[in-house]
Amino acid sequence: MERTLGSVPKPLIRVPEVTVYFWMVKILATTVGETAADFLAVTLNLGLNVTAYIMSGLLLLVLLNQFRLKRYVPANYWLVVVLVSIVGTLITDKLVDDFGVSLVTTTVGFSIGLAIVFAIWYSRERTLAMHSIRTAKRELFYWAAILLTFALGTAAGDLLAEASGLGYAQSGLVFGAAIGAIAIGYYVFHLNSILAFWLAYILTRPLGASIGDLLSQPPENGGLGYGTVGTSMLFLCLIVSLIVYLTLSRKDRPRGDREMLDFDDLK
């Protein structure tokens, strides 16, 4: 889909505006990714392999639809994020539980993989900015980076909360404090906006995972014992409510496309 500004055709931005609503849904989605993966693989006893096949298939279908839309549509975009969160969690769990790869190795490996994606993306497009994602190529890089941030966040969160023995609540506080430091760096010390965004995006994954584990895991494992079903349903309901609100209010519509899309709505 393209719109014309003057005589120059301009593709629409494919991702939402980064607002407080973006971060709210992102953290909720990361929490669902942790608890839903555990619910499917463990509670329903589907196992990691079957769960991974099902979720990867669903992700592929929804992602193909995302590229077909060629613009930001809240319901489809955030469904992709939720499914990427689940698949990213399953990738890490598969490597650690089935192949015996250590959490240190997965954390380092996914960090290197993410750095490589960013390097290739920047070398080809000369930007990593959210508001520049107007083409299929840039969106491919974007989703590849997102998948790696979820896998990395899962590994880093488990490493800090479980392997180190710190616990879910304390780990959540550590990651929350790190995100707070990034916010201070951005608003007070003028940290580069693109760097601040991606650092916060990476850290919201283990923050959400720590919250999910804290709520869902039994008390003997350091959790509050609400279970994967209750926690997943609670956060899914919150996500759906926010998506409905964003769809109706258009609060997170990309600023660069608002005038063009509003004109279309009037036709």
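Numbering (the working numbering), first residue to last: 1254 to 1520.
Glycine included, C-beta positions come from ideal geometry on N, C-alpha and C.
Since we're looking at a predicted model, the values are computed, not measured.
Could you pull out every residue in the same chain whose Cβ sits closer than 6 Å to the Cβ of residue 1416, ignoring the five residues on either side in sequence? 1356
If you draw a straight line from the alpha carbon of residue 1474 to that of residue 1380, how long is it in whole angstroms? 43 Å
Counting only runs that start and end within the stretch 1377–1404, where is the alpha helix (DSSP H) found for 4 or more residues in a row? none
Closest Cα partner of residue 1359 within the set 1396, 1337 and 1413: When each option's Cα is compared against that of residue 1359, the closest is 1413.
What is the DSSP secondary structure of residue 1468, counted as helix, strand or coil? Of the three classes helix, strand and coil, the one that applies to residue 1468 here is helix, per DSSP.
Let's test the definition: count the other Cβ atoms within 10 Å of the Cβ of residue 1432 and tell me whether it reaches 16, buried, or not, exposed. buried
Which ranges would you report for the alpha helix (DSSP H) in the stretch 1399–1466 if only whole runs of at least 4 residues count? Fully enclosed alpha helix (DSSP H) runs of 4 or longer: 1421–1440.
Would you tell me roughly how many angstroms separate the C-alpha atoms of residue 1442 and residue 1434, rounded to the nearest one? If I take the Cα positions, the gap works out to 11 Å.
Less than 7 Å between C-beta atoms, sequence neighbours within five positions excluded: which residues of the same chain meet that for residue 1319? 1329, 1330 and 1333
Can you tell me whether DSSP reads residue 1518 as helix, strand or coil? Residue placement at residue 1518 is poorly supported in this model, since its pLDDT is 46, which falls under 50; the coordinates are not used for a value here.
Verify whether the separation of the beta carbon atoms of residue 1384 and residue 1264 is less than 8 Å. no
Could you tell me the boundaries of the alpha helix (DSSP H) in which residue 1296 lies? Boundaries for residue 1296: no alpha helix (DSSP H) harbours it, and the DSSP string shows neither H nor E there.
One question on the structure: do residue 1438 and residue 1449 come within less than 8 Å of each other, judged by their Cβ atoms? yes
Taking only the alpha-carbon atoms, compute the straight-line gap between residue 1344 and residue 1482 and give it to the nearest angstrom. 21 Å
Does residue 1493 come out as helix, strand or coil in the three-state DSSP assignment? DSSP places residue 1493 in helix when its eight states are reduced to three.
Let me know the secondary structure DSSP gives residue 1513 once reduced to three states. Summary for residue 1513: the model assigns pLDDT 49, below 50, so the residue's position carries little reliability; its value from the coordinates is reported in the next sentence. In this structure, residue 1513 counts as helix in the three-state DSSP scheme.
Residue from 1485, 1458, 1502 and 1496 with nearest C-alpha to residue 1337: When C-alpha distances from residue 1337 are compared across 1485, 1458, 1502 and 1496, the shortest belongs to 1458.
Since residue 1279 is in the alpha helix (DSSP H), which residue starts that stretch and which ends it? 1273–1291
Please determine if the stretch 1484–1494 and the stretch 1298–1312 are in contact, where contact requires at least 3 C-beta pairs separated by less than 8 Å. no
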